[in-house]
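For any residue, its number in the numbering used here is found by taking its place in the first sequence, counting from 1, and adding 13.
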Amino acid sequence: MGLTYSNKEKLKSKKLIDQLFSEGRSVSAYPLRMVFLKTIHDDTNLITKAGVSVSKKHFKKAVDRNRIKRLLREVYRLNKSAYFNNITTQYALMILYIGKDKPTYVEVEHSMNKLFDRFVEMESKKNS
RNA sequence: UAAGUAAAUCGCCUUAUCGCUGUCACGCCAUUGGCGUGAUGGAGGAAAGUCCGAACACCAUAGUGCAGUCAUAGUGGUUAAUGGCCACCAGCCGUGAGGCUAGGAAAAGUGCAACAGAAAGUAUGUACAGGUAAUGCUGUAGUGAAAUCAGGUAAACUCUAUGAGGUGCAAUGUCAUGUAUACCAACGUUUGAGUGCGGCACGUGCGAUUGUUGGAGGGUAGGCAGCUAGAGUGUAUUGGUAACAAUGCAUCCAGAUAAAUGAUAAGGAUUUUCUUUUUAGAAUUCUUUUCUAAAAAGAAAAGUACAGAAUUCGGCUUAUAGAUUUGCUUACUUA
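Here's what the structure looks like:
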């Protein structure tokens, strides 16, 4: 798993997203919140399929939403290998930005690391 | 030089590393297709609001008249079209350059009108004068923009003229996994309900039900088309006061779909502030010092707006840090 985030790794299926929100569990580290669900992808090499989302309620301008989503994607791309390379189960993820202010790159990176720490902890506990 | 006014243009840049997405070429795996490598494209002047006008698509629709609803409203031109744009006229505002205009009709009717005034539409009081059989019957004074004489107002109803089907690319077309299955065919199964032949039984045919296969329908997930070469862009010439048009040459310039066009680092540009130096002017009794303006150098921090394509065009409206250019006006200075 490299530093890529190509089309395949994006969560695109409407069905899967609906399922994720209705059945998935969540973990949060303000201003981020992640909904996740164990699934089986068609491609066995793939570990995760991930999407990002920003509330239209808090950010009315499309420019702001785009900016935040790009940051989230970028941080996910650069940091995911550290956490998900050791995992064999397949997941569908959706990362939500629930804050109300525009973040910087460093802030997002910091809180996403925190988020993933909690996620890994939660899952290892459950498995053991 | 300052202030103003009109119009036009630009609206951060470069490099490195790591990524996203379209297209093309090659290679590999290979059924559609997938992967890799390389090359090359990848947000705006408003992409925004969705306010007008079109293209395109589907639905509706015999023709005509009347009524209603909505829109438009000087004249001429321009355009695919418009309620846009251009020119001119008129009115109003401004010293001026210029700006603004919802600029058809008040003798079809209805309504409305501050203050003043007796009275503003159901009119008619006072004083004086005139007049009559009698009466506000007549005149003057007084109020007001306007007094039995009418006027103003149609971003009040109204009238006149002209125009107008509806819904929007989540339109629409097409391929179709899976699931359930109206229907048809073949084969098989069964307590075989029911039923034809027959007086009855046997027998035999049809056959509810159920299973398999095939056909056909339906159209969900999803894919493809629509989907970007167009009333295109740049430039030159010609015609026209102009909007705009014609012709020649050159050119291809985003197509995503939980939605690409980014992130990080370094450097630069620009604006603001401060310091120093120089020059000019002013204040002060002189050196000094202080203030103002300009230029150069340095430093520091802060700022670099508004804002993100979603079928495509032509407009309008609104938002916008900062920068540039041109025409003109007014004031001042110098010659």
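All C-beta atoms, glycine included, are put in the ideal place defined by N, C-alpha and C.
For clarity, every value in this text was computed on a predicted model and none was experimentally measured.
Exposure label - residue 81; buried when at least 16 CB within 10 Å: Answer is buried; the Cβ neighbour count reaches 16.
Whole angstroms is fine: what's the gap from residue 14's alpha carbon to residue 70's? Residue placement at residue 14 is flagged as unreliable, the pLDDT there being 43, under the threshold of 50; a coordinate-derived value is accordingly withheld.
Continuous beta strand (DSSP E) stretch holding residue 51: start and end: Run containing residue 51: 45-51, per the beta strand (DSSP E) assignment.
Straight-line gap, residue 113 to residue 107 (C-alpha atoms, nearest Å): Roughly 18 angstroms separates the two Cα atoms.
Measuring alpha carbon to alpha carbon, tell me which residue in 38, 110, 62 and 102 is nearest residue 68. Looking at the Cα atoms, 110 is the closest of the given residues.
Exposure label - residue 34; buried when at least 16 CB within 10 Å: Counting Cβ neighbours within 10 Å, residue 34 comes out exposed, since fewer than 16 surround it.
Restricting to Cα atoms, I'd like to know which of 51, 74 and 133 is closest to residue 103. Sorting 51, 74 and 133 by C-alpha distance to the C-alpha of residue 103 places 51 at the top.
Can you tell which of 73, 84 and 19 has its C-alpha closest to the C-alpha of residue 45? Shortest Cα-Cα distance from residue 45 to any of 73, 84 and 19 involves 84.
Name, in chain order, the residues that DSSP records as bridge partners for residue 96. Looking at the DSSP assignment, residue 96 forms no beta bridge with any residue, so it has no partner.
Leaving aside the five residues before and after residue 22 along the sequence, list all residues of the same chain whose C-beta is less than 8 angstroms from its C-beta, in chain order. Within its own chain, the residues whose Cβ lies closer than 8 angstroms to the Cβ of residue 22, once the five positions on either side in sequence are excluded, are 59, 61, 62 and 63, listed in chain order.
Taking residue 30 as part of the alpha helix (DSSP H), name the residues at either end of that continuous run. Segment 27-36, the alpha helix (DSSP H) holding residue 30.
Thinking residue 88 and residue 122 are a contact (beta carbons under 8 angstroms), I'd like their distance in whole angstroms, please. Distance from residue 88 to residue 122 at the Cβ level is roughly 5 angstroms; contact confirmed, criterion being Cβ atoms closer than 8 angstroms.
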